[in-house]
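First up is the structure itself, then whatever we jot down about it.
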Amino acid sequence: MPLQVISGNYAQAYAAKLARVQVISAYPITPQTTIVEKLADFVASGELPAEYIKVESEHSAMQVCISAASLGARTYTASSSQGLLLMHELLHWASGIRAPIVMGVANRAIAPPLSIWTDHSDTIAQRDTGWIQYYAESNQEVLDTALMAFRLAEHDDVRLPAMITEDAFYLSHTVEPVDVPSQEQADAFLPPYKARDILRPGEAARLGSYIGPDLYMEFRYKVARAMTRVPGVMAAVEEEYERITGRNHGGPLPTYRADDADAVLITMGTATTTARSVVDALRARGEKVALAKLRVFRPLPMHELRELARTVDRIGVLDRSYTGGLVGAAYSEVAGAMFPARERPLLRNFIAGLGGRDITPPMVETMYRRLLDGSDSEVEWIGLKERKEVTVDG
Amino acid sequence: MIEIRFHGRGGQGTVIASELLAQAAFLEGKIPQSFPFFGVERRGAPVTAFTRIDDKPIQVRTSITTPDIVVVLDPGLLRSINVIAGLKPDGLLLVNTDLPLDRLGVDFHGRIATVDAAGIALAHGLGSRATPIVNTAILGAFARVSGLVGLPSVLEAIAKFVPAKKDANRAAAEDAYNRVSGLEVIVR
Amino acid sequence: MTSYEAQEDLPEVCIATESSEDVYKTASWRTQRPVIRLEACTKCNVCWKFCPDVAIELNADGYPVVRLDYCKGCGICAEECKPRAIDMVKEG
Amino acid sequence: MARLTIPAEEYMRSGHAACPGCGATLAMRYVLKGLGPNTIVAIPACCWTVIGTPFPTTVLKVAMLDNAFEATGASISGLRAAADALKIHDVQIVGFAGDGGTADIGIQALSGMLERRTDAIYVMYDNEAYMNTGVQRSGATPQGARTTTTPIREGSRGKSEPKKDVMAIVAAHDPAYAATVNVAFPEDFVKKVQKAATIRGPRFFHALAPCPPGWSFPPEKSIELGRLATDTNIFPLYEIEGGRYRITRKLGRARPVAEYLKVQGRFAHLSPAEVAAIQADVDARWKRLLDREALG
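Residue numbers (the numbering used here), protein chains in the order written: chain W, 1 to 394; chain E, 395 to 582; chain Z, 583 to 674; chain P, 675 to 970.
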């Protein structure tokens, strides 16, 4: 397919269209709006014969998808920040009822104060809802991952909802060349959705029900088991996608120049791109630094993280969110994953880029400096405006 | 530590019985714990509640599966659920019934006490024929046969915590204390 | 009812398909039951119509029959029976 | 045998977990008699969540979906969207929610469903408080009624605000059809449901569901109380179609509200003056309803 210069939001919309979603339901919120607008255009023009329910809130958007999925429809929605937080109750519901809903999220900071700019606090705050969570670095990755998410979510061994997050404005409203798969490629990759355990008119069945202490735990265990099967199915899905499109985004924790490295920085989303340029620059100056992109946050790639811990002894985790507490969420998860490893690397947590603040090359360089010099503070807010700050040029 | 499990039906005051017992034990300087099995509260549907009484802080937070004492506020339950599940062999079963022991239809060879708490409750105008409120009467009988709490502290708990018909409830408890039968009585 | 002893017995999703009538005999809830004097019954089926538990069925001749497995003894049938053909009798 | 005045088929089973004398079970029973087997019932957290019995059993012989407390309106929009997308044509989609789940926490999704003209039926079964959680006051609790959160104390005379007029709120959305129904009048109830089944677009029912423990009256009086609610004009039976009101039960002279109030423990504390105030309010509302009907 010829390259098109499109935004991350359009990439999400194209993925939903190529997936031939049957029910869309969404409520507008900056910066997600051009996803739902583009989808409205696809539906209105007949390019996408879906039912599009324009609801009065994000909470209702997710309920529409859940109830539509309960009849066996392939469903899609999208949101950001405050809207995602409003949906929170129903995110648990979607995974609990095993509805393979796919959602695009344009990451946006959480109020107050109100901010329409990027950070990951909104989707990190959904890490406990049983959803598969991807953090994309480019519009190409957004489109490919969203399309793959349908195949993964609907897989018989998984049957869990998935969200594909993209940084507000850095991706959502940034246009860049993207290879949009053809409908033929998409159809070859993604078969029609064959739902199971759904409701049928005329059949006595109650989906959802209620349950006492005798069997609740066993149903939650089923969700946990499904989550353990995700890595294997994800690998197979990515392989299949590569066979059809030639593209592979490197699994849950793709690394860059990490074979022989003194220090690795783990990043999420578009900060990865900037960090990659800094790795090249430092490498050119003989500094053996590397990069690992935490592309899948749920399920956390424990195996790959432990592998990384085995080969590198200084690891930094860049959290583009603040979730209360003392350290960043990604840091505490990575630290948890690495704790049982025999060789435990020095770990440092960097919090940067909140509320849309740029994560600049000098900031990334500072992070590598802290790792190489072995800073004493375990967590540091990089790029914070502080009284003692000497303005660093560049 | 003594563990007591109450069985009744929605509307009979089972949970209040469990709590009143805890209050009475507290009045005697003991440390109680009382909680219901929070299930389907429907008038008529089976209800379970638990009380633990000890001399020191209670270090367990589970339902009671091997009770020392089982109290049955509704004799109909004997036919529909296994009220004596896990009851210790040397435990005590106290049942609100006017039937003699041999017709209770309960396969338990430990100590059994019975009292017509329903009759006593109705005599004191507590509840209706369809749903007699037997909780305070059964507690009076409990004081007599369990040896765990005295009648005075049961009466004081009723006075303090039973919102309506305090006197009738106290009288019912006292009545049941005197009329509980079918067991060599442990006099405190 | 299928006995769900272990997580392997469970369906992947919490979807309930078995009939409540197979499991829940709500007879034990009642303290009184309806007794119908058929000689006084006019087969007006009001009792069938107003039973919240669908615990009255009409036989081939159109007479009401109480499904005692399920009657909770609420007394609506006796209260609404125009010819007063239903008495509520104490259980046990 | 006297002819049955409502359909014989049953789509609600016995063995459910409702209190003896429960009006909400009759409401479900009559709705399903009106709609038949190809019905999908969506319910939020409410009495019916528990009445429907726990996994692995179900009480309805039709399909049933549990949804979030606030989202019944959205749930039925989703079901209809999927039915259309999947070309499932012969299906009645019904939201069946309590008064709190509709008039309070669920009103946003209800308004959304009505505004986007979802082709579905929404039934609010009204037992006039949060009964599943033990009789706490809702927006639909009548003025003066005792609940656990509007106790009777010095200076606290039960619920101080008037009952939220949900039918007026729904009517403001210009639904395809809306009607009040009462389990004490099954023929009127089922007839309206059957009529609604033939209409497309958003339809709404306000169903009175007397509740023995919640209103504190003996269970055998459920139907009698339902009847009195309508015959005192406290709960008039009417339908709205194309904006036109039509009252479906009119007595020569209404019975005094006192007859309805005195049988219920939740109103036992009312003084004659408070009863008179309720009577005046009921008379005023009845007159407004007559005026609306006269408008045609």
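Quick reminder that beta carbons are idealized off the backbone N, C-alpha and C, glycines included.
Grouping DSSP H, G and I as helix and E and B as strand, with all else coil, what is residue 952/P? Here the question's residue 952/P lines up with position 278 in the fourth sequence. Three-state DSSP puts residue 952/P in a helix.
Go to residue 686/P, then tell me how far its alpha helix (DSSP H) extends in each direction, as first and last residue. Position 12 of the fourth sequence holds residue 686/P. Segment: none, residue 686/P is in no alpha helix (DSSP H) and carries neither H nor E.
Give me the residue from 514/E, 515/E, 406/E with the minimum Cα distance to residue 467/E. Counted from its first residue, the second sequence places residue 467/E at position 73. The option with the nearest alpha carbon to residue 467/E is 406/E.
7 Å CB neighbourhood of residue 850/P in its chain, flanking five on each side removed: Your numbering for residue 850/P matches position 176 in the fourth sequence. So the qualifying residues of the chain are 873, 874, 875, 876, 877.
Which runs of the alpha helix (DSSP H) fall wholly inside the region 795 to 847 of chain P and span at least 4 residues, in chain order? 840 to 845
Return the bridge partner residues of residue 589/E from the DSSP annotation. Outside the shown range of chain E (395 to 582) lies residue 589/E, about which nothing can therefore be said.
Amino acids of chain E, ordered along the chain, whose beta-carbon sits closer than 7 Å to that of residue 720/P: In the fourth sequence, residue 720/P corresponds to position 46, counting from 1. Result: empty, since nearest Cβ-Cβ is about 14 Å, beyond 7 Å.
Could you confirm whether any beta carbon from chain P is found closer than 7 Å to the beta carbon of residue 446/E? Here residue 446/E corresponds to residue number 52 of the second sequence, with the count starting at 1. So, not an interface residue.
Helix, strand or coil for residue 381/W? Go by DSSP, reduced to three states. Against the first sequence, residue 381/W aligns to sequence position 381. Strand.
Reducing DSSP to helix, strand and coil, say where residue 400/E ends up. Taking the first residue of the second sequence as position 1, residue 400/E is located at position 6. Strand, per DSSP.
Does residue 723/P come within less than 7 Å of chain W when only Cβ atoms are used? Translated into positions along the fourth sequence, residue 723/P becomes position 49. Judged by the 7 Å Cβ criterion, residue 723/P is in contact with chain W.
Does DSSP classify residue 498/E as helix, strand or coil? On the second sequence, residue 498/E is found 104 positions in, with the first residue counted as 1. In this structure, residue 498/E counts as coil in the three-state DSSP scheme.
Express the C-alpha separation of residue 820/P and residue 580/E in angstroms, rounding to a whole number. Residue numbering aside, residue 580/E sits at position 186 when the second sequence is read from its first letter. Residue numbering aside, residue 820/P sits at position 146 when the fourth sequence is read from its first letter. Bear in mind that the predicted position of residue 580/E carries a pLDDT of just 47, short of 50, making it too unreliable to give a figure here.
At a CB distance below 9 Å, what residues from the region 604 to 637 of chain Z approach chain E? Give them in sequence order. 607, 608, 609, 610, 611, 612, 613, 614
Spell out a yes or no on whether the region 730 to 742 of chain P and the region 185 to 193 of chain W are touching, meaning 3 or more CB-CB pairs, one atom from each, closer than 8 Å. no
Just list the alpha helix (DSSP H) runs in the region 28 to 102 of chain W, keeping only unbroken ones of 4 residues or longer that don't cross its boundaries, in chain order. 33 to 44, 58 to 69, 81 to 96
From this set, 646/Z, 627/Z, 593/Z, 653/Z, which residue's C-alpha is nearest residue 439/E's C-alpha? Stepping through the second sequence from its first residue, residue 439/E is reached at position 45. It is 653/Z.
State yes or no: is the beta carbon of residue 202/W nearer than 7 Å to at least one beta carbon in chain P? The sequence position of residue 202/W within the first sequence is 202, counting from 1. Cβ-Cβ to chain P under 7 Å: yes for residue 202/W.
Suppose only complete runs of 4+ residues qualify. What are the alpha helix (DSSP H) ranges in the region 885 to 970 of chain P, listed by chain order? 886 to 889, 896 to 905, 931 to 935, 946 to 969
Close Cβ partners of residue 175/W (< 7 Å) along its chain, the five nearest in sequence each way excluded: On the first sequence, residue 175/W is found 175 positions in, with the first residue counted as 1. Hits under 7 Å: 5, 6, 7.
Nearest to residue 859/P by alpha carbon, out of 705/P, 768/P, 962/P? On the fourth sequence, residue 859/P is found 185 positions in, with the first residue counted as 1. With distances taken between Cα atoms, residue 859/P lies closest to 705/P.
Shorter than 7 Å from the beta carbon of residue 485/E to some beta carbon of chain P? Reading the second sequence from its first residue, position 91 is the one you call residue 485/E. Cβ-Cβ to chain P under 7 Å: no for residue 485/E.
Please classify residue 401/E as buried or exposed, where buried requires at least 16 neighbouring CB atoms within 10 angstroms. Along the second sequence, read from residue 1 onward, the residue named residue 401/E stands at position 7. Buried.
Are the region 953 to 970 of chain P and the region 915 to 933 of chain P touching by the rule of at least three beta carbon pairs closer than 8 Å? yes
Which residues share a DSSP beta bridge with residue 441/E? Position 47 of the second sequence, counting from 1, holds the residue named residue 441/E. Looking at the DSSP assignment, residue 441/E forms a beta bridge with 402/E.
Grab me the residues of residue 312/W's own chain with a C-beta within less than 8 Å of its C-beta, minus the 5 sequence neighbours each way, in chain order. Mapped onto the first sequence, residue 312/W falls at position 312. Cβ neighbours of residue 312/W beyond the five flanking positions: 258, 261, 262, 263, 264, 290, 345.
Going by the CB atoms, is the gap between residue 361/W and residue 279/W shorter than 7 Å? Here residue 279/W refers to the residue found at position 279 of the first sequence. Here residue 361/W refers to the residue found at position 361 of the first sequence. No. Outside cutoff.
Report buried or exposed for residue 641/Z, applying the criterion of at least 16 other Cβ atoms within 10 angstroms of its Cβ. Numbered from its first residue, the third sequence carries residue 641/Z at position 59. It counts as exposed.
Does residue 601/Z come out as helix, strand or coil in the three-state DSSP assignment? Here the question's residue 601/Z lines up with position 19 in the third sequence. Three-state DSSP puts residue 601/Z in a strand.
At the 7 Å Cβ level, is residue 585/Z part of the contact set with chain P, yes or no? Position 3 of the third sequence, counted from the first residue, corresponds to residue 585/Z. No, residue 585/Z lies away from the interface with chain P (no Cβ there is under 7 Å from its Cβ).
Kindly indicate which three-state DSSP category residue 376/W falls into: helix, strand or coil? Here residue 376/W refers to the residue found at position 376 when the first sequence is read from its first residue. Note: residue 376/W maps to coil in three-state DSSP.
Look up residue 670/Z in the DSSP assignment and say whether it is helix, strand or coil. Against the third sequence, residue 670/Z aligns to sequence position 88. Residue 670/Z: strand per DSSP, three-state reduction.
Which term fits residue 358/E, buried or exposed, when burial requires 16 or more other beta carbons within 10 angstroms of its beta carbon? Residue 358/E cannot be examined here, being either before or after the span of chain E that is shown, 395 to 582.
Hey, does residue 470/E have any beta-carbon neighbour from chain Z nearer than 7 Å? Locating residue 470/E in the second sequence gives position 76, where the first residue counts as 1. Output row for residue 470/E: interface = yes.
With 8 Å as the limit, tell me which residues of the region 678 to 703 of chain P have their beta carbon closer than that to any beta carbon of chain E; keep them in chain order. 691, 692, 693, 694
Secondary structure at residue 268/W, three-state DSSP: helix, strand or coil? Residue mapping note: residue 268/W aligns to position 268 of the first sequence, counting from 1. If DSSP states are grouped into helix, strand and coil, residue 268/W belongs with coil.
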